[in-house]
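Going from the sequence shown to our numbering is simple: count from 1 and add 157. We put the CB at the ideal spot given by N, CA and C, even for glycine.
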Amino acid sequence: MKNLYRASLAVLALFAAAAQASGTHAGGHHDDSRIGQAGTAAKVTRTVNVDMTDGMRFNPARIEVRQGETVRFVVTNSGRLKHELVLGTEKALREHYEAMKKNPEMEHADPNMVTLAAGGTGEVIWQFTQAGQIDFACLQPGHYDAGMKGAVNVAASAPVELADGEVRKVDKDNGKITLKHGPLKNLDMPGMTMVFQAGEPSMLDQVQAGDRIRFLAEKVGGKFTLVRIEPAR
C-alpha cells in the first residue's frame, strides 16, 4: 500500500512539472531594479516603433532613451514566423533563451515582453529607471542564435528644469497644444506664445484652455514637442 501511495505521488509530481513547463510563462526572468519597471500609459513620453522580420532582425536594433523616460514600444511582426521582443539583461536573456529551447510551447505574460504571430502588432510600455544598456531579443528557438537582438542605451538624466506655461488652446484634431510660456532654457528660447506638438495623445486630455502647467519641450523630428507636462504647483 505504501509503495502504491509513493508511486501515486511521483506521478502527480510529474504532471505538475509538465503543467508548469507548458503553461503560462510569467515572472522570474527579469530584474526590474536593473532594467527598469513596467510603465503606465498616462506617463508615456515617447513612442518607438519596432519591426521584427524573418531575417532575424529588429528595426531599429539600437534605441536611445533617457533615464526616467517611459516609452511605449509599438512592435510589429512583419514576417511569417512567430517573433517576440523581450527586454532584459544579457544574462537573463540567455537563461530565458535556454529555457525556451527546452520548452518552446511556453506562453509569455511578463510586462517586459510581447510575443506576436505573423502580421501581429502589440506593445510594451516600459520606464527606464537606470542608466546604462538594456538588451532586448527574440527568444523563439533559433532566433537569438541567428542574431535577433538589440539594445536600448539609457542616457543618465541631467537635472531638468521645467518651464512655466498657460494653456491657450488644445487642438485635439491635430494633436497640438498652444502655450504662453516663460523662457525655455533647454532650447535657448525666450518666453512667447507658440504651438507645440503633443508627445502623446493622452496629453490632450490632461489639459484645457486656462490651465497653468509646468512642462518640458524638445525638438523631435523637427517639431517642437511636449515630452512632459504636469500641473503648476
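Taking the alpha-carbon of residue i as reference, which of the options has the nearest alpha-carbon?
i    : options                : result
F372 : G236, L319, N331, K337 : L319
I370 : G236, I386, G356       : I386
K306 : G196, G339, Q290, E226 : Q290
C295 : Q284, F285, T272       : T272
V311 : A195, Q363, T227, A249 : T227
T210 : R191, V231, G236       : G236
A308 : T197, G196, K200, N216 : N216
R390 : F285, D368, V205       : D368
V364 : A374, L344, K329, T350 : K329
In the DSSP output, which residue or residues are listed as bridge partners for residue i?
i    : result
R203 : V228
H338 : G322, M349
H240 : L273
F372 : A320, I386
Output the distance between the C-alpha atoms of residue i and residue j, rounded to the nearest integer angstrom.
i    : j    : result
Q354 : R203 : 12 Å
K258 : M213 : 16 Å
V222 : A288 : 9 Å
K333 : G378 : 15 Å
D321 : E357 : 19 Å
K376 : V352 : 12 Å
L344 : N206 : 26 Å
Taking the Cβ atom as the reference point for each residue, do residue i and residue j lie within a distance shorter than 9 Å?
i    : j    : result
V327 : L361 : yes
H300 : H240 : yes
R229 : I282 : yes
L336 : V324 : yes
Between residue i and residue j, how many whole angstroms is the CB-CB distance? I'm expecting something under 8 Å.
i    : j    : result
T244 : F293 : Sequence check: residue 244 is Leu here, not Thr. Yes, they are in contact, since the Cβ atoms of L244 and F293 sit about 5 Å apart, within 8 Å.
T278 : V231 : 7 Å
G193 : Q284 : 5 Å
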